[in-house]
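Residue numbers (this note's numbering): 7 to 386.
Everything on this sheet refers to the single structure shown next.
Set out below in structure tokens:
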């Protein structure tokens, strides 16, 4: 063999305290308590409550999938059922033919009298459902049929359903409309249901602007971004100390500064610093310096590359023109570097802000939202 397989360490080292895996809830989830409280309040407040329809948005790596999983835990704490799907092609078929039937099976619906929901006769908690027994040839059950049947059973047990969709995209517009139309109908019947979808900023904005349904236009919008300096400190230090190591003050300050307060990068730096420390009980500046270099490479590969590849040619020209500046960029100067008018450049400025790639940094100024974007662009 041309490579050597390393021996398994003995004793086996303890598990890493905060592996940077997309969607996995970190041991110190900070800066999101308000969003969690709002969703819990929505479930507790009955049909029609603000927050029972929520759209989560933000750039890659800010914790959209994590928040969806936390919302599942909120639902479980209220004895609500959950159904989750990735909004990839065919997701509505999967929900119709697999996920909801699985839920119905778990609710032991197979032995119930076949019926279809006409509507809720009274608000949830004050009455039941109006149903009719099918005496004609049965229709092929669709998403709405399965959804309302599940909600009928759940309502009878004093509980409800949370449906979550991750990675929603414009390419699944028809499927999303099919699902949201059914959810909107359930809302109109005061059914015990909540719907949460997560996606990138431009996707969520375009879905709402294109009027997929008036239901989505009225949904609560949650925009996730970077953490505060204090929450960054907690997110870095707490998992390390909880797992039995410590980190020096100088090393912690270095890690905080290098993270840019960006959630995914915080996890990357913490994880690589833990690995660099090995058997040592204290994470030092040297360990953090090594971890920052590794984390930056991972950011380029997992965050910057797909973000930049998803831009149009003119949007890419705009960010490349910004990369000539160390920090923030003057919009008029960016347009000059592109060889276009300021008005023309403002079109792409607005698009990139909508995408979450850049942000305003004062009147006539912009900056990148994600750490090390400039460095990535300069190495292309």
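Built from N, CA and C at the ideal position, the CB exists for glycine as well.
Take residue 309 and list the residues in its own chain whose beta-carbon comes closer than 7 Å to its own, dropping the five residues that flank it on each side.
Cβ neighbours of residue 309 beyond the five flanking positions: 66, 67, 270 and 376.
What is the residue span of the alpha helix (DSSP H) that residue 205 lies within?
Counting along the chain, residue 205 falls outside any alpha helix (DSSP H), though it belongs to the beta strand (DSSP E) covering 199-205.
In terms of alpha-carbon separation, which member of 171, 246 and 55 lies closest to residue 90?
The shortest C-alpha separation from residue 90 is found at 171.
Residue 244 and residue 34 - do their beta-carbons sit closer together than 8 Å?
Their beta carbons are under 8 Å apart, which means residue 34 touches residue 244 by this criterion.
Have a look at 234, 154 and 187 and flag the residue whose alpha-carbon is nearest the alpha-carbon of residue 198.
Closest option to residue 198, Cα to Cα, is 154.
Could you check which residue in 251, 255, 287 and 304 has the C-alpha nearest to that of residue 273?
Of 251, 255, 287 and 304, the residue nearest in Cα terms is 304.
From residue 126 to residue 195, what distance separates their C-alpha atoms?
Note that residue 126 has pLDDT 41, beneath the 50 cutoff, so the model's placement of it is unreliable and no number is given.
Take residue 47 and list the residues in its own chain whose beta-carbon comes closer than 8 Å to its own, dropping the five residues that flank it on each side.
Cβ within range, chain order: 55 and 57.
Please go through the same chain and pick out, in chain order, the residues whose beta-carbon is closer than 6 Å to the beta-carbon of residue 261, but skip the five residues on each side of it.
The residues are 242, 275 and 294.
Alpha carbon to alpha carbon, what distance is there between residue 40 and residue 237?
Those two C-alpha atoms are separated by around 14 Å.
Is the separation between the beta-carbon of residue 210 and that of residue 101 shorter than 8 Å?
The answer is no: Cβ separation not under 8 Å.
My output table needs one value for residue 39: the three-state DSSP class, helix, strand or coil.
Helix, per DSSP.
Please report the distance separating the alpha-carbon of residue 59 from that of residue 373.
Taking the straight line from one Cα to the other gives about 32 Å.
Are three or more beta carbon pairs between the segment 282-298 and the segment 321-340 nearer than 8 Å?
No, they do not touch.
Starting from residue 172, trace the alpha helix (DSSP H) both ways and give me its first and last residue.
Note, residue 172: premise wrong, no alpha helix (DSSP H); beta strand (DSSP E) at 167-172.
Could you give the residue range of the beta strand (DSSP E) that holds residue 61?
59-63 is the span of the beta strand (DSSP E), which, as asked, contains residue 61.
Hey, would you say residue 97 sits closer than 8 Å to residue 168, going by beta carbons?
Taking 8 Å as the Cβ cut-off, residue 97 and residue 168 do not qualify as a contacting pair.
Just list the beta strand (DSSP E) runs in the segment 224-306, keeping only unbroken ones of 3 residues or longer that don't cross its boundaries, in chain order.
Entirely contained in the segment 224-306, the beta strand (DSSP E) runs reaching 3 residues are, in chain order, 226-229.
Among residues of its own chain, excluding the 5 on either side of residue 246, which ones have a beta-carbon nearer than 6 Å to its beta-carbon?
So the list reads 253, once near-sequence residues are dropped.
By how many angstroms is the C-alpha of residue 221 removed from the C-alpha of residue 187?
Looking at the two C-alpha atoms, the distance is approximately 8 Å.
Could you spell out the range, first to last residue, of the beta strand (DSSP E) harbouring residue 92?
First-last of the beta strand (DSSP E) with residue 92: 87-92.
Since residue 108 is in the alpha helix (DSSP H), which residue starts that stretch and which ends it?
Here the alpha helix (DSSP H) through residue 108 covers 106-112.
Is the separation between the beta-carbon of residue 63 and that of residue 205 shorter than 8 Å?
In this structure, residue 205 lies closer than 8 Å to residue 63 by Cβ.
In terms of alpha-carbon separation, which member of 250, 73, 381 and 106 lies closest to residue 151?
Out of 250, 73, 381 and 106, 106 has the C-alpha closest to the C-alpha of residue 151.
Under a three-way DSSP split, which group does residue 343 fall into?
Here residue 343 sits in helix by DSSP.
Closest to residue 184 by CA distance: which of 173, 149 and 161 is it?
When each option's Cα is compared against that of residue 184, the closest is 149.
Do you know how far the Cα of residue 175 is from the Cα of residue 364?
If you take the alpha carbons of residue 364 and residue 175, they lie about 20 Å apart.
Does DSSP put residue 312 in a helix, in a strand, or in coil?
Residue state, collapsed to three classes: helix.
Nearest to residue 378 by alpha carbon, out of 338, 314, 361 and 353?
Closest option to residue 378, Cα to Cα, is 314.
Could you check which residue in 87, 227 and 166 has the C-alpha nearest to that of residue 44?
Ranking 87, 227 and 166 by Cα distance to residue 44 puts 227 first.
Just to confirm, is the Cβ distance from residue 356 to residue 343 under 8 Å?
Not in contact: residue 356 and residue 343 (Cβ atoms no closer than 8 Å).
Classify residue 297: buried if its beta carbon has 16 or more other beta carbons within 10 angstroms, exposed otherwise.
Under this definition residue 297 is a buried residue.
According to DSSP, simplified to helix, strand and coil, what is residue 68?
Of the three classes helix, strand and coil, the one that applies to residue 68 here is coil, per DSSP.
Which of the three DSSP states, helix, strand or coil, is assigned to residue 431?
No information on residue 431 is available, as it lies outside the stretch 7 to 386 that the chain covers here.
DSSP three-state call for residue 363: helix, strand or coil?
Three-state result, residue 363: coil.
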